[in-house]
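S.K.: Let me give you the structure first, and then I'll get to my questions.
Protein chains in written order, with the numbering used here: chain A, 39 to 150; chain B, 219 to 327.
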């Protein structure tokens, strides 16, 4: 099993550009999450999904959209990137115990 | 709302014991979990406490006091590879955990 994978690993965007981050898991997990991590801020939840076709807002959803058309994939979109969205983005999934999250390797995004 | 407090940085020497504290304020508390994250890496799950007391997993132990809204992670026989950030996270039964800001552990030779 590959676990949780994220694509791409690194990306540099110019202000106003758009992009989609892909998260894929092969563990048949129901719950999936997108977090951003900034220095000194810990992990902040952007959006999450409790199953295929469902999404919900987390703590910091503004400027992001998500979709979960297939159970194994969770996409995070930035429609018009801003420098404030420079961060490391982590995807995670849960096997059934909410406290044991499996994280992907992260995507390091810089918006100039 | 929910809030978690943990020290921003802790330093210790190789072979020593170190304790990383976490205090929380939340409603609907189910349990407290701990994650480790090395620089440039992803967080990985370490332990979970739902009941009061100590849970031991090798060199790592985690403690919870629900009445005090307090927990800690105890690392024994510290090794250089234990240098990392450690996050506590509160579970509320909603499948939406809340993470603390993390404690950077620096282990010196």
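By construction, the Cβ of each residue, glycine as well, lies at the ideal position given by its N, Cα and C atoms.
Look up residue 135 of chain A in the DSSP assignment and give the residues it is bridged to.
M.R.: Indexing the first chain from 1 puts residue 135 of chain A at position 97. BP columns for residue 135 of chain A are empty, so no partner.
S.K.: Contact check, residue 41 of chain A vs residue 75 of chain A under 8 Å by CB: the rounded distance?
M.R.: Numbered from 1 along the first chain, position 3 holds the residue referred to as residue 41 of chain A. Numbered from 1 along the first chain, position 37 holds the residue referred to as residue 75 of chain A. In fact, because the Cβ distance is near 19 Å, the residues do not count as touching under 8 Å.
S.K.: List, in order along the chain, the chain A residues whose C-beta lies closer than 7 Å to that of residue 249 of chain B?
M.R.: Position 31 of the second chain, counted from the start, is the residue given in the question as residue 249 of chain B. Those within 7 Å of residue 249 of chain B in chain A are 137.
S.K.: Looking at residue 169 of chain A: is its Cβ nearer than 8 Å to the Cβ of residue 145 of chain A?
M.R.: A query on residue 169 of chain A cannot be resolved here, the shown segment of chain A reaching from 39 to 150 and no further.
S.K.: Here's the rule: buried if 16 or more other CB atoms are within 10 angstroms of the residue's CB, otherwise exposed. What is residue 120 of chain A?
M.R.: Here residue 120 of chain A corresponds to residue number 82 of the first chain, with the count starting at 1. Counting Cβ neighbours within 10 Å, residue 120 of chain A comes out exposed, since fewer than 16 surround it.
S.K.: Can residue 321 of chain B and residue 238 of chain B be called in contact, C-beta distance under 8 Å?
M.R.: Residue numbering aside, residue 321 of chain B sits at position 103 when the second chain is read from its first letter. Residue numbering aside, residue 238 of chain B sits at position 20 when the second chain is read from its first letter. In this structure, residue 238 of chain B lies closer than 8 Å to residue 321 of chain B by Cβ.
S.K.: When DSSP labels each residue in this structure, what does residue 65 of chain A get in the three-state scheme?
M.R.: Looking up residue 65 of chain A in the first chain gives position 27. Coil.
S.K.: So residue 227 of chain B is in the beta strand (DSSP E); what residue range does that whole segment cover?
M.R.: Position 9 of the second chain, counted from the first residue, corresponds to residue 227 of chain B. Its beta strand (DSSP E) spans residues 227-231.
S.K.: Label residue 277 of chain B either buried or exposed according to how many other C-beta atoms from any shown protein chain fall within 10 Å of its C-beta, with 16 as the threshold for buried.
M.R.: The residue labelled residue 277 of chain B in the question sits at position 59 within the second chain. Counting Cβ neighbours within 10 Å, residue 277 of chain B comes out exposed, since fewer than 16 surround it.
S.K.: If contact means a Cβ-Cβ distance below 7 Å, which residues of the region 74-89 of chain A contact chain B?
M.R.: Of all residues in the region 74-89 of chain A, 78, 79, 80, 81, 83, 86, 88 have a Cβ within less than 7 Å of some Cβ in chain B.
S.K.: For residue 310 of chain B and residue 247 of chain B, which I take to be in contact (beta-carbon distance under 8 Å), what is that distance rounded to the nearest angstrom?
M.R.: Taking the second chain and counting its residues from 1, one reaches residue 310 of chain B at position 92. Taking the second chain and counting its residues from 1, one reaches residue 247 of chain B at position 29. Correct: roughly 6 Å between the Cβ atoms.
S.K.: May I have the straight-line CA-CA distance separating residue 257 of chain B from residue 301 of chain B, to the nearest angstrom?
M.R.: As a first step, residue 257 of chain B is located in the second chain; it is residue number 39 there, counting from the start. As a first step, residue 301 of chain B is located in the second chain; it is residue number 83 there, counting from the start. Those two C-alpha atoms are separated by around 9 Å.
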